[in-house]
Amino acid sequence: MGKNYWEWEPTFQIIPQETALLVIDMQKGFVDAGSLLEVPMARDQVPAIAELISCCRNKEIPVVYTSFTIGPDFSYNFYWKMAAQRGLKVEGPHCEFWKGKPETEIAEALQPLPGEKVLHKFGYDCFAQTDLDHFFRSMGIKTILITGTVVNWCVDSTVRSAYHKDYNVAVVSDAVSAFDHAGASAEDWCKLELNLFAEAFGRVLSSKEVMKELSCSDEK
11 MGKNYWEWEP TFQIIPQETA LLVIDMQKGF VDAGSLLEVP MARDQVPAIA ELISCCRNKE
71 IPVVYTSFTI GPDFSYNFYW KMAAQRGLKV EGPHCEFWKG KPETEIAEAL QPLPGEKVLH
131 KFGYDCFAQT DLDHFFRSMG IKTILITGTV VNWCVDSTVR SAYHKDYNVA VVSDAVSAFD
191 HAGASAEDWC KLELNLFAEA FGRVLSSKEV MKELSCSDEK
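Heads up, the working numbering is the position in the sequence shown plus 10, with the first residue counted as 1.
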């Protein structure tokens, strides 16, 4: 059956000067209670993500946010056609995830600071048809700390893309979330994905482990 994610030995160290924190889609449309695509586990993880953001800011580690946003010319064809079968409305600006709608805003407890990058994307992979790779490389980033939602959608797609672009990938185990769907529970999705990430794509650490490696533990 293979190892659990915490049983693997690290293959790289997290060097603050070469690291960025990526907060994937922790936006109101997923985090807020009662939102159309609510991910309760994501809301539960807000404190851990907020603490990690604070740690990174203290270490002058760039924090980058993404937000899933769609529009008539800002969507993949399959998603647009499949939306109705999933109970989603994508036609016109009444759509909950349309550009400029509240659901595309970052959750209140995780608000970006002025000058921090907020990247609006319309696919699952944060690198796809965005300037994220150029942004990271222009800053000399070699390691990406990955947090956010949903673990088997946007997080998984971004982890794979970052790996294939030769970044060091570090997924934060208590800062990525899932929901019950496709025959599996949120907990099952997280366990399977985290085990896969650790075996195939990068390191998997808890937020406390990340902060300890960044020497933030004494800054709480």
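C-beta: ideal position from N, C-alpha, C; glycine also.
Rounded separation between residue 149 and residue 201 - CA only: 32 angstroms
What three-state label does DSSP hand residue 59 in the structure shown? helix
Identify, in the order they occur along the chain, each residue of the same chain with its Cβ nearer than 6 angstroms to the Cβ of residue 75, setting aside the five sequence neighbours on each side. 33, 116, 122, 128
Please work out which residues of its chain come closer than 6 angstroms, Cβ to Cβ, to residue 159, disregarding the five sequence neighbours upstream and downstream, and give them in chain order. 35, 40, 49, 52, 187
Can you list, in chain order, the residues of its chain whose CB lies under 8 angstroms from that of residue 85, leaving out five sequence neighbours each side? 100, 132
Identity of the residues DSSP links to residue 214 by a beta bridge: 181
Who are the Cβ neighbours of residue 173 in its own chain at under 7 angstroms, not counting the five residues just before and after it? 179, 211, 212
Can you look up residue 199 in the DSSP assignment and give me helix, strand or coil? helix
Between the C-alpha atoms of residue 153 and residue 177, what's the straight-line distance to the nearest angstrom? 6 angstroms
Enclosing alpha helix (DSSP H) for residue 175 [first to last residue]: Note, residue 175: premise wrong, no alpha helix (DSSP H); not H, not E.
Is it true that the CB of residue 223 sits closer than 9 angstroms to the CB of residue 59? no
Exposed or buried, which one is residue 114 when buried takes at least 16 other CB atoms within 10 Å? buried
Could you spell out where the beta strand (DSSP E) holding residue 32 opens and where it closes? 29 to 34
Who are the Cβ neighbours of residue 163 in its own chain at under 8 angstroms, not counting the five residues just before and after it? 134
According to DSSP, is residue 81 helix, strand or coil? strand
Excluding sequence positions up to five away, which residues of its chain have a Cβ less than 8 angstroms from the Cβ of residue 13? 205, 208, 209
Closest to residue 168 by CA distance: which of 45, 15, 98, 137 is it? 137
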